[in-house]
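Under this note's numbering, the first residue of the sequence shown carries the number 16, and numbering increases by one thereafter.
All C-beta atoms, glycine included, are put in the ideal place defined by N, C-alpha and C.
Given the structure is predicted, the values throughout are model-derived calculations rather than measurements.
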Amino acid sequence: MLLSAFLIVTLCKKREEFADRYHALIIMSLLIVMFQLIFNVDINIWQRLQNGIISALKISSLSLLVLIYTSVTSLSEIIHIFSFPPSKIGLVLTITLSLIPIIIQEYRKILIIQSTKGQNFKHINPLTNFMPILIPLMHRSINRAEHIAIVIESKGYLV
Numbered sequence: 016m017l018l019s020a021f022l023i024v025t026l027c028k029k030r031e032e033f034a035d036r037y038h039a040l041i042i043m044s045l046l047i048v049m050f051q052l053i054f055n056v057d058i059n060i061w062q063r064l065q066n067g068i069i070s071a072l073k074i075s076s077l078s079l080l081v082l083i084y085t086s087v088t089s090l091s092e093i094i095h096i097f098s099f100p101p102s103k104i105g106l107v108l109t110i111t112l113s114l115i116p117i118i119i120q121e122y123r124k125i126l127i128i129q130s131t132k133g134q135n136f137k138h139i140n141p142l143t144n145f146m147p148i149l150i151p152l153m154h155r156s157i158n159r160a161e162h163i164a165i166v167i168e169s170k171g172y173l174v
């Protein structure tokens, strides 16, 4: 796992992107171990800990492999793999894959904007934390989808 993390650091063009992904991966691994310790009460604590660590390592390894693949391979090459379905499904996959990074960027922008407006994200209820971000994000995403639909229709490609 450390070797793959080192490979990712050397291969990633953006170090902060790697840090964000790796930070989320560490949190997810800790949650897996914690859930194994709390909810798997049929076996003793050491086996629960061992099962949690093994499960976390398996999921982390798979996630790191996907991270390496997406860092090395361009989006157009990944989309080219999906050329076997009909062209309409390929278009939908292409648009979806290209919009995911844009939505993530919009999420970060909205988070910064809401923080500068004085929004407090330390509420106990996670819905109250997420609603000031979700509503503008949905609005921007729907507007972007409408613009894409207009462009596709104007080019004569009806889905």
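| Check | Outcome |
| --- | --- |
| Neighbour-count burial assignment, Ala34, 16 or more Cβ in a 10 Å radius | exposed |
| Continuous alpha helix (DSSP H) stretch holding Tyr84: start and end | 60-87 |
| Own chain, CB closer than 8 Å to Leu52, minus 5 neighbours either side, in chain order | Ile60, Arg63, Leu64, Gly67 |
| Pair within 8 Å by beta-carbon distance, Ile47 and Ser70 | yes |
| Sequence-distant residues of the same chain with beta carbon closer than 8 Å to Ile118, five excluded per side | Leu152, Ser156 |
| Alpha-carbon to alpha-carbon, Met49 and Ile165 | 48 Å |
| CA nearest to the CA of Lys73, picked from Ser44, Tyr37, Asp57, Ser113 | Ser44 |
| Reduced DSSP secondary structure (H/G/I, E/B, other) of Val56 | coil |
| Under the three-state DSSP convention, the category Tyr172 falls into | coil |
| For Ala39 and Leu77, the rounded distance between their alpha carbons | 14 Å |
| Counted within 10 angstroms of its Cβ, other Cβ atoms place Ile96 as buried (16 or more) or exposed | exposed |
| Closest Cα partner of Leu112 within the set Ile127, Ser89, Ile167, Ile125 | Ser89 |
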